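According to the numbering used here, the residues represented by the sequence shown are 32 to 354, in order. Shown next, in structure tokens, is the structure this report addresses.
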Amino acid sequence: MNVHSADSQTTDRFPWGTTHRYNRYTDYQRKLYGQRVQKVTVDAGFTCPNRDGSKGFGGCIYCNNESFNPGYNNATKSITRQIEEGIEFLKRRYKNLHKFIVYFQPYSNTYAPLDTLKRYYEEALSHPEVIGLTIGTRPDCVDEAKIAYLECLAREFDITVEYGLESVSDATLKRINRGHDVQCYLDALEMTKGRGIKICTHIIFGFPWEKKEQWLQTANWLSDKPFDFLKVHQLHVVKETALERLYRKKPFDFMTPDEYIDLIVRFLERLNPRIVIQRLFGEAPPRTLVAPHWGVRNTHLIQMLEKELQKRNTYQGKYFSDS
Ligand code: SF4
């Protein structure tokens with residue numbers, strides 16, 4: 032049993048080796064590569080089985096892929112061109128960038144025949160400054176052949192598969208029309224783990240029928256699962272989605288920024304300190320956002336979180352027990 036006591040963690044370094052109060056992906060990458068590594072997003076033009084009819088039509092009730100696609104992405108451009116434009120954009124924004132991970136983000140990026148996937152992935156990996164891939168997908172869009180191929184790539188490159196789970200409740204997955212259940216995610220984890228492929232899990236907090244206590248228990252549920260990275264974001268209602276129609280018909284409440292920060296602090300306290308945090312806040316472009324209008328950027332929310340962790344003298348894993 033290993034319960035981290037407050038006294039042992041009030042100074043210096045936390046178990047992940049930095050003075051930050053949670054296990055941040057930027058620190059993890061810096062430690063691994065000795066420099067900042069930036070993701071460059073591409074749109075390979077894939078679709079999703081939850082949209083094209085093989086699993087369902089219309090997709091998850093909150094999904095509008097336009098809301099998370101940066102301007103330089105456009106599936107009509109080649110992967111190479113998107114990478115070059117993305118790198119150019121990022122290098123103007125940040126100094127001394129030399130290593131990039133190509134992020135296949137919109138829709139389900141393993142939802143194509145293996146030969147097609149190989150063509151896209153290998154085109155991305157042929158760029159001299161690209162050291163790996165992050166592949167966003169659904170847990171029902173992988174199979175043994177695809178994972179075996181990624182296992183081979185992972186011997187040479189930094190390969191992450193990002194599985195959208197969104198909620199650990201089957202009732203919620205049904206309500207949001209995910210088209211898969213929690214067991215499907217667990218099966219995908221089982222197939223992927225221990226093969227040199229890194230695994231990221233994606234979760235959303237804020238579905239109006241879920242309760243804070245459920246989100247806190249999610250930390251316990253996630254803590255013993257064999258994945259490496261976690262992404263969390265607050266629920267957004269964006270335009271042209273089923274959720275927008277539901278919201279307009281019967282508006283529901285959202286957490287305020289302060290309430291969300293409180294939730295995240297308490298969630299982190301319960302979460303296994305081994306899990307590296309890639310993201311805790313989402314942002315939807317103003318042109319697509321219906322609600323909530325928090326009026327604060329992610330950078331400010333991160334500062335608010337760090338201040339709150341400091342104020343409460345707390346940190347990721349404070350109440351985690353591996354017994
Ligand atoms: S699985 Fe992803 S791409 Fe497909 S409908 Fe759901 S959120 Fe959209």
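Idealized CB from N, CA, C, for every residue including glycine. A quick note: this is a predicted structure, and the numbers were derived from the prediction, not measured.
Practice item. Indicate the three-state DSSP secondary structure (helix, strand or coil) for F283 in the structure shown. Key: Mapped onto the sequence shown, residue 283 falls at position 252. It is coil, neither helix nor strand.
(request) Would you give the residue range spanned by the alpha helix (DSSP H) that F260 belongs to? (result) Mapped onto the sequence shown, residue 260 falls at position 229. Unbroken run through F260 is the beta strand (DSSP E), 260 to 265; no alpha helix (DSSP H).
Y194: CB within 7 Å of a non-hydrogen atom of ligand 1: The residue you call residue 194 lines up with position 163 of the sequence shown. For ligand 1, not one heavy atom lies less than 7 Å from the Cβ of Y194.
6 Å Cβ shell around N33 - same chain, five flanking residues per side excluded
Sequence index remark: in the sequence shown, residue 33 carries index 2 (1-based). Because N33 carries a pLDDT of 42, less than 50, the predicted location of this residue cannot be relied on, and the following value inherits that uncertainty. Counting only Cβ-Cβ distances below 6 Å, and skipping sequence neighbours, we find D353.
Comparing alpha-carbon positions, which option in D174, P80, I162 lies nearest D218?
Position 187 of the sequence shown, counting from 1, holds the residue named residue 218. Here the closest residue by C-alpha is D174.
Alpha carbon of G65 to alpha carbon of K256, nearest angstrom | Position 34 of the sequence shown, counting from 1, holds the residue named residue 65. Position 225 of the sequence shown, counting from 1, holds the residue named residue 256. Distance between the alpha carbons of G65 and K256 is about 28 Å.
- Is any heavy atom of ligand 1 found at a distance shorter than 7 Å from the C-beta of N105? Locating residue 105 in the sequence shown gives position 74, counting from the first residue. For ligand 1, not one heavy atom lies less than 7 Å from the Cβ of N105.
| Run through DSSP, which three-state label would N33 get? | Taking the first residue of the sequence shown as position 1, residue 33 is located at position 2. In this prediction, N33 has a pLDDT of 42, which is less than 50 and means its spatial position is unreliable; what the coordinates show is noted afterwards. Coil.
*Could you give the DSSP three-state label for F45: helix, strand or coil?*
Taking the first residue of the sequence shown as position 1, residue 45 is located at position 14. Coil, per DSSP.
* Closer than 7 Å: is that where the CB of N329 sits relative to any heavy atom of ligand 1? -> Here residue 329 refers to the residue found at position 298 of the sequence shown. No, since every heavy atom of ligand 1 falls outside the 7 Å radius drawn around the Cβ of N329.
*Expected contact under 8 Å - CB spacing of R209 and L247 to nearest Å*: Residue numbering aside, residue 209 sits at position 178 when the sequence shown is read from its first letter. Residue numbering aside, residue 247 sits at position 216 when the sequence shown is read from its first letter. Wrong, their Cβ atoms sit about 22 Å apart, outside the cutoff.
**Study point:** Candidates R310, E337, V268, M335: closest to R318 by CA position
**Key:** Taking the sequence shown and counting its residues from 1, one reaches residue 318 at position 287. When only C-alpha atoms are compared, the closest one is V268.
| query | Looking at the C-beta of P316, does it have a partner C-beta in chain C at a distance below 8 Å? | reply | Annotation note: the requested chain C is absent from the structure, which comprises a single protein chain.
Would you say R52 and Y278 are within 8 Å of each other, going by their C-beta atoms? Residue mapping note: residue 52 aligns to position 21 of the sequence shown, counting from 1. Residue mapping note: residue 278 aligns to position 247 of the sequence shown, counting from 1. Not a contact, by the Cβ cut-off of 8 Å.
Discussion item. Just to confirm the assignment, what range does the alpha helix (DSSP H) spanning D146 have?
Written reply: The residue labelled residue 146 in the question sits at position 115 within the sequence shown. Taken as a continuous stretch (DSSP letters only), the alpha helix (DSSP H) holding D146 covers 145 to 156.
Measuring alpha carbon to alpha carbon, tell me which of D201, G84, G76, Y350 ends up nearest A250. Here the question's residue 250 lines up with position 219 in the sequence shown. Comparing Cα positions, the closest option is Y350.
- Query: Any chance the CB of S85 is under 7 Å from a heavy atom of ligand 1?
  - Reply: Indexing the sequence shown from 1 puts residue 85 at position 54. No, the Cβ of S85 stays beyond 7 Å of every heavy atom of ligand 1.
- prompt: Any heavy atom of ligand 1 within a distance shorter than 7 Å of the CB on C231?
  reply: Taking the sequence shown and counting its residues from 1, the one referred to as residue 231 is at position 200. The answer is no for C231.
Report the rounded CA-to-CA distance for Y194 versus K338, giving the unit in angstroms. Along the sequence shown, one-based indexing puts residue 194 at 163. Along the sequence shown, one-based indexing puts residue 338 at 307. Near 30 Å, if we compare the C-alpha coordinates of K338 and Y194.
- Going by beta carbon distance, what residues of the same chain come within less than 8 Å of L145, once the five residues before and after it are set aside? Here residue 145 refers to the residue found at position 114 of the sequence shown. Cβ within range, chain order: A176, K177, Y180.
- Task: Classify C183 as buried or exposed, calling it buried when 16 or more other Cβ atoms lie within 10 Å of its own Cβ.
- Result: On the sequence shown, position 152 is the one that residue 183 refers to. It is exposed - the Cβ of C183 has fewer than 16 other Cβ atoms within 10 Å.
**Item:** Straight-line Cα distance separating I166 from T50
**Value:** Within the sequence shown, residue 50 is the residue found at index 19, counting from 1. Within the sequence shown, residue 166 is the residue found at index 135, counting from 1. Approximately 30 Å, taken between the alpha carbons.
Determine the closest residue to T223 out of I235, S200, I190, with distance taken between C-alpha atoms. Here residue 223 refers to the residue found at position 192 of the sequence shown. Nearest of I235, S200, I190 to T223, Cα basis: I190.
Determine, using beta carbons only, whether Q113 and V73 come nearer to each other than 8 Å. For this step, residue 113 is matched to residue 82 along the sequence shown. For this step, residue 73 is matched to residue 42 along the sequence shown. It is a contact, given that the beta carbons lie within the stated cut-off.
For G76, is the beta carbon positioned less than 7 Å from some heavy atom of ligand 1? Indexing the sequence shown from 1 puts residue 76 at position 45. Incorrect: G76 has no Cβ contact closer than 7 Å to ligand 1.
query = Distance, Cα to Cα, K86 vs W325?
reply = Within the sequence shown, numbered from 1, the residue matching residue 86 stands at position 55. Within the sequence shown, numbered from 1, the residue matching residue 325 stands at position 294. Each residue's Cα considered, the two are about 34 Å apart.
Margin query: Let's see if you can read the secondary structure: which residues bound the beta strand (DSSP E) around K130?
Written below: Position 99 of the sequence shown, counting from 1, holds the residue named residue 130. Looking at the DSSP string, the run of the beta strand (DSSP E) that includes K130 is 130 to 135.
Does the Cβ of C183 lie closer than 7 Å to at least one heavy atom of ligand 1? Reading the sequence shown from its first residue, position 152 is the one you call residue 183. No, ligand 1 has no heavy atom inside 7 Å of this Cβ.
Checklist entry - With a cut-off of 8 Å, do at least 3 Cβ pairs link the region 258 to 267 to the region 228 to 240? => result yes
Quiz item: Which same chain residues, not among the five before or five after Q355, have their C-beta less than 6 Å away from its C-beta?
Solution: Because the chain spans 32 through 354 in this model, residue 355 falls outside it and cannot be assessed.
7 Å CB neighbourhood of K270 in its chain, flanking five on each side removed: Here residue 270 corresponds to residue number 239 of the sequence shown, with the count starting at 1. Excluding positions up to five away in sequence, the list reads N95, T319, V321.
Tell me the DSSP secondary structure of Q40 in three-state form. Translated into the one-based positions of the sequence shown, residue 40 becomes position 9. Bear in mind that the predicted position of Q40 carries a pLDDT of just 49, short of 50, making it unreliable; the figure below should be weighed with that in mind. Helix, per DSSP.
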